[in-house]
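In the working numbering, the protein residues as written are 466 to 582.
In this text, a Cβ means the ideal position worked out from N, Cα and C, and glycines have one as well.
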Amino acid sequence: MNRKGYVCLFVLLAASAVAWSRLNAKPVAAPPPATPVEVRIDNFSFSPATLTVATGTTVKWTNRDDIPHTVVSDDKTTFKSKVLDTDDTFTFTFSKPGSYDYFCSVHPKMTGKVVVQ
Ligand SMILES: [Cu+2]
Numbered sequence: 466m467n468r469k470g471y472v473c474l475f476v477l478l479a480a481s482a483v484a485w486s487r488l489n490a491k492p493v494a495a496p497p498p499a500t501p502v503e504v505r506i507d508n509f510s511f512s513p514a515t516l517t518v519a520t521g522t523t524v525k526w527t528n529r530d531d532i533p534h535t536v537v538s539d540d541k542t543t544f545k546s547k548v549l550d551t552d553d554t555f556t557f558t559f560s561k562p563g564s565y566d567y568f569c570s571v572h573p574k575m576t577g578k579v580v581v582q
């Protein structure tokens, strides 16, 4: 085989390798983000008030208010933060799909929700 022949063969092999890898590529579910998704606590409210995330996502609440707040699930057991002073954070990883309502135990009118899909 001459030099041109080898080049042609190489191109052919490369093309089949690409085609083969595409055939065998399995669709994978989008992994949950590696960095936490943030909820801000400011001016007596959770922002966003309703957050939708993928299963396995860690949510991080940060108190940007100059007033202490907490983050407590409605059942008071799934998650419960300590009292967060200004710039304190609380994180929770949602490993099961569902709808999680929560509130601030210091100001029960402050409510929020995390929807886990
Ligand atoms: Cu509060």
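DSSP places THR520 outside both helix and strand once states are collapsed to three, so it counts as coil.
By the C-beta density criterion, GLY563 is exposed, having fewer than 16 other C-beta atoms within 10 angstroms. Using a Cβ distance threshold of 9 Å, THR556 and THR523 count as a contacting pair. Not one heavy atom of ligand 1 sits closer than 8 Å to the Cβ of PRO562. In this structure, DSSP gives PHE559 a state outside helix and strand, which the three-state scheme calls coil.
With a 10 Å radius around the Cβ and a threshold of 16 neighbouring Cβ atoms, ASN528 comes out buried.
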